[in-house]
Amino acid sequence: MPKEFDPLKPAKYRLALDIGSKSIGFAIIFLKEDVNKLLKPYAIVRSGVRIFGDGRTPAAPGQLGSSLAAERRVKRSIRRQYARKRKRLQRLLRNLKELGFFPDDSKLCKSFEDLNPYELRHKGLTKELKPHEFGRLLMHMAKNRGFQSNRKVDLLADNIDSQAKAETSAMKSAIATLQSRLNGEFETLGAYLYERFKKGETIKSSKTQKGQKAEYEFSISRRMVKQEFDRLWAAQEQFNPELFNEQAKNTLKDTIFFQRNLLPQKVGKCTFLPEHERASKALPSSQYFRIISELNKISFTDAEGLILPISLEQRNKLLKSLRIKQKLSFDRIRTELNLDSTVLINLEHASKDSIEGDKTGYLLSKKEYFGPAWRDLSLETQDAIVTALLTHENEAELVQKLVDDFNIAHDVAKALANARLESQYMRLSKEAIERLIPELEKGVDSQDGYKVPVKYHEATEAAGFGHHSALQENWADFPTLDLKQLHSDDNDKYTVAELPLPYYGKVITRQVAFGTGDVNDPVEKRFGKIANPTVHICLNQVRVLLDEIIAKYGYPYEVNIELARELKQNHEQRQRSIKQQAANKKENEEIRREIKQAYKVEKARIITDSEISRADIEKWRLWRRSKSKLCVYSGKKICETMILNNEVEVDHILPRSRTGDNSYQNKVLVLNKANRIKSNRTPWEAKELFEAQGWSYEDILNRMRALDKHQLFRFAENSMDIWDKNYRSFEARALNDTRYISRVVKDYLKVVCHKDRIVVSNGAHTALIRREFGLNDLLGKKGEKNRDDHRHHAIDACVIGALDRSMLRKLQIAMEVAEKQNSARNFVGLQEPWFNFSTQVRRSIGQIYVSHKPNHNYEGEIFEASIYGLRLISDKRTEKYVGIKRNPETGKTDKPKKSVVVISDPKTQNRYGLRHKFHSEGLPKKYYGLSSSSVFCLEIYRDEKGNWQAYTIPRYEAYRIVKRRGVNALYDNKRSNFEGRPLVMRLMRDDCIAFEKNGVKEVYRIQKINGLKKNITLTRHFDANVDDRYRRMLKAQKAEKAGEDFDSEDLCDDLVFSSFGASSLYSNKARKVTISPMGVLRDPGFKG
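Residue numbers (the numbering used here): 24 to 1111.
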């Protein structure tokens, strides 16, 4: 081993991490001292990529996939409901036999199914029923016991989508309508249903329409069925009081109507007081805390550039308004505070046009609830009422509590029981909030001679919590001792040397929840985890990667991190971001069509999408944004032809070299001449030059006011001071990402690197540097980032590793030169971070084997949800069953499903709760088919002649093996397959295969396994977005044949997507290889 890798005296290196929701790119960069004894990067010794799932289901464009756990939970809930219904009916049958309503003879009991339950339910109100007749109607009521609303599920607004809400609302409306009819026309629900039965009308509650327009002809509630049970029992008790006794009634009623309470929702720990649970956002105290915290942040900037913090008087005025309103727009805030419309509010930006008010108070002060009286209640009383609304599941019990404890009228209490409140939680507990509110309400004297609210960090310190961003203790510079302590009671069986980085829940204890604290539990269960599945998986993969890196190179001296945008967003932000991305994509497509049409009309030329550059789209978007279509500086009209002829340019209002701001809010479309006059100045610095051209600065301000009045501060004399105060300096913005998840990752990595040498950058300059040094060309995309190659994450990591203060200074200087020279380039004269940087990146990327997290777990979906009918087909050799399914809309049979598992034998029928059906010969009938497209693995084995053959193990077969022989049987035997034949290799999805082609080793990843054809589909280990690219390629090929328009890039995609059977794998000298998280390839070689 080279001396620089000596674990006792390792070389100092910088670890760069590009962390995304499904990937980690990394680069290891050695450091050495310069002439000033400062450590500087000089060599990229390794880079790589780790790919993994994000724990979410694939989603349609413009949508966020749900958690895999949530999807499993929904299906598991349905299975449990069926199982519980079956057990309930079995228990009821036993009770009816024990209490004398049914005989012990099961066949005789079966014959009772022929009795009409609707007739019995009607007859039983006035006439005596035989015991077995009453038992029959009870069995029917138990099967159809009606809908019972669970308040906490139905009323928490975030739990269900708008379609489900509409259907639930329609169901409740139908229930109310039927209840009014039962109160007047019909004595019981059974009498109503019997009347419909006699008329030949439907007697099953069902929707006549779905979705937002959902309607029910009628719907049944559990309460109706309970009332009918009581009426029927009272009527029959008069005829046979001995049989219909109180004990029998209670037993049967409990069996029929028993329903479990929901398990309480797990709530995370408070950031400041971990012994307390987080508070619900719906609590009035939480609402008040959120509002006052946000208002205290406000500052104002006028057209002259004067920055003033909000005064205590202004804060209190807005606080009073927001406590009774749903929200206040920033325009309304300006009006209420008598501010000019040009005044900029620091919280206002493109995606935020208002401040939310007290949503709970706004709702509960409506006339159907408390009305204005809600505001007269103390905050403590309001919290107590809302806590009752949030915690009680039973509506009747809740109504009674509200009446008894709070003296609320019964009709108001009933309305409150159906009030829809927020379902999310704060980061703080109610106890912490109560300590912070008094501090946030205080004011302090400002330099301007008036009182201003205290800042949040001042309030946390005054409340005894310390600074709000100090989430974790500081780890030592050399953390070995801390690691030993952390691992001393870790029941994961690793030594410190084998497992340098502990489970994140041990380190960032304030950010995890739901831990048991039991030392006998695995660490994840013992210490808990972050609720977001994507972040949880990502942090675990960081741990796995760093384990291997530290084992080989020692602890990093410096760590540079960049986090993907989606990791730094909560659920609501990601939803908005995904919608915005979809909207941007749609707008880009519209712009491309408009540019093509403009070229066709103005220049009589037809262009393709590939000829339209990113810069062209940006110019066109800015032009569309402007209603006046005027150059902000010169006031001259800009037309389409000028854009096509490159007579206009995009200007950064505040020079990007001084702000680093490349947002659309800092961009305007101007004439080339105007941009050259302004150069790298602020508008105010160019004021005299503008006026020398006859361009009045007042007119410039008016044009900007019409375009975007909230960006007028950029034209003020002290615009750079405003920028630095409100948006931070160039360097601070680039090298200090302070968002929540960024702090969490930084705190986690303090275990392996000193906190002062961990830098979390915001990613603003990564793309610019990558493009400037031609790094996008390394993966062949004509200057654009190639997201179809996983190795682009490693390129990003190399750039992130080069981003330090020295490099940022170079960027600023190169930007200033570009702006002074009016260059179309982002930088002029930008030097590489160190000698041969681009060459090192190219060499390092060429050596990467992309590591894919394997999933060898046998557990998963066994069968598809659809059940197929069976049709017997025959060919020249065999007869077999295929699955058929009728399309309910057309009435026709869909294309037969050729591969189905036939459910036929009595044991299997018993397992799935099916009735036995037999031929006259006594053999079981084929009952139905289930499709199993899920394959556990494909085995390559040698037959008697030594030839390679393939055999697939479906997932349901893997379950059978585990049940019969134990879970170790799936993994331990590597010499023979499950049928005892010599095993060559056992392949699963995302495993890697190596080939020898013309003496060159090529590595492929298994994209999918075809159980029917017994082959595997391979793609290169670095190929990304494989399924989508393959679909686009097929679509382009089809369009080309049909003579239709298509994207030429899709047709020319170099994607490898090939299928291989056992014989072709043998001819290509295939063997299974492994790639470690760090990208180390382990190849056993071809063994024939």
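Even glycine gets a Cβ: it sits at the ideal position worked out from N, Cα and C.
Per DSSP, which residues does glutamine 261 bridge with? Please list them.
Glutamine 261 is not bridged to any residue.
Isoleucine 3 versus aspartate 363 - alpha carbon distance
In the structure as shown, the chain starts at 24 and stops at 1111, and residue 3 therefore has no counterpart that could be examined.
Tell me whether lysine 1024 is buried or exposed, calling it buried when 16 or more other Cβ atoms sit within 10 Å of its Cβ.
exposed
Is it buried or exposed for lysine 690, if we count other Cβ within 10 angstroms and need 16 for buried?
buried
Lysine 552 vs valine 535 beta-carbon contact at 7 angstroms
yes
If you follow the alpha helix (DSSP H) that cysteine 821 is in, where does it begin and where does it stop?
815-825
With 16 other Cβ atoms within 10 Å as the buried cut-off, status of histidine 372:
exposed
Tyrosine 1089 (DSSP reduced to helix, strand or coil):
helix
For leucine 331, report the span of its alpha helix (DSSP H) as first-last.
Counting along the chain, leucine 331 falls outside any alpha helix (DSSP H), though it belongs to the beta strand (DSSP E) covering 330-332.
Would you mind working out which of Ala1085, Asn799, Arg254, Ala438 sits nearest lysine 150, comparing C-alpha positions?
Arg254
Evaluate contact between the stretch 833-853 and the stretch 698-715, counting only Cβ atoms and requiring at least three cross-stretch pairs below 8 angstroms.
yes
Reduced DSSP category for aspartate 325 - H, G, I as helix; E, B as strand; rest coil
coil
Which one of Lys453, Asn1091, His777, Leu826 has the shortest CA to CA distance from valine 409?
Lys453
Among Leu677, Ile42, Asp800, Asn698, which one has its Cα closest to the Cα of isoleucine 739?
Here residue 739 turns out to be alanine, not isoleucine, going by the sequence shown. When only C-alpha atoms are compared, the closest one is Leu677.
Check for me: the beta strand (DSSP E) holding threonine 557 runs from which residue to which?
No beta strand (DSSP E) contains threonine 557, which is instead part of the alpha helix (DSSP H) from 556-576.
Strand pairing of leucine 351, partner residues [DSSP]:
Ile378
Can you tell me whether valine 542 is buried or exposed, with buried defined as 16 or more other CB within 10 angstroms of its CB?
exposed
Which whole-angstrom value is the C-beta distance of arginine 1043 and tyrosine 1027, which I expect to be below 8 angstroms?
6 angstroms
Quick check: the stretch 1074-1081 against the stretch 1030-1049, are there 3 or more CB pairs under 8 angstroms?
yes
Going by beta-carbon coordinates alone, are tyrosine 141 and tyrosine 239 separated by less than 7 angstroms?
no
Any idea what DSSP makes of methionine 1008, helix, strand or coil?
strand
With distances taken between CB atoms, is the gap from glycine 213 to histidine 145 smaller than 7 angstroms?
yes
Look up valine 958 in the DSSP assignment and say whether it is helix, strand or coil.
strand
With a 10 Å radius around its C-beta and 16 neighbouring C-beta atoms as the bar for buried, classify histidine 813 as buried or exposed.
buried
Quick one, which of Arg168, Leu296, Leu138 has its alpha-carbon nearest proline 154's?
Leu138
Could you check which residue in Val248, Glu884, Gly797, Ala455 has the C-alpha nearest to that of phenylalanine 170?
Val248
Measuring CA to CA, which of Ala605, Asn725, Lys529 is closest to glycine 655?
Looking at the sequence shown, residue 655 is not glycine but valine. Among Ala605, Asn725, Lys529, the Cα nearest to that of valine 655 belongs to Asn725.
Buried or exposed for valine 467, please, with buried defined as at least 16 other CB atoms from any protein chain shown within 10 angstroms of its CB.
exposed
For the alpha helix (DSSP H) containing glutamine 1030, name the first residue and the last one.
Element bounds for glutamine 1030: not the alpha helix (DSSP H) but the beta strand (DSSP E), 1023-1033.
Neighbourhood of leucine 335 by C-beta distance below 7 angstroms, restricted to the same chain and skipping five residues each side:
Gly466, Lys474, Val475, Pro476
Check whether the Cβ atoms of cysteine 561 and alanine 455 sit closer than 7 angstroms, and answer yes or no.
no
The alpha helix (DSSP H) spanning glutamine 972 covers which residue range?
Counting along the chain, glutamine 972 falls outside any alpha helix (DSSP H), though it belongs to the beta strand (DSSP E) covering 971-977.
Counting pairs of Cβ atoms below 8 angstroms between the stretch 1085-1097 and the stretch 47-65, do you hit three or more?
no
Proximity winner among Ala50, Ala39, Lys35, relative to arginine 866 (alpha-carbon distances):
Ala50
With distances taken Cα to Cα, identify the nearest neighbour of glycine 489 among Phe295, Thr414, Asp406.
Phe295
When you compare only the Cα positions, how much space is there between alanine 432 and leucine 400?
16 angstroms
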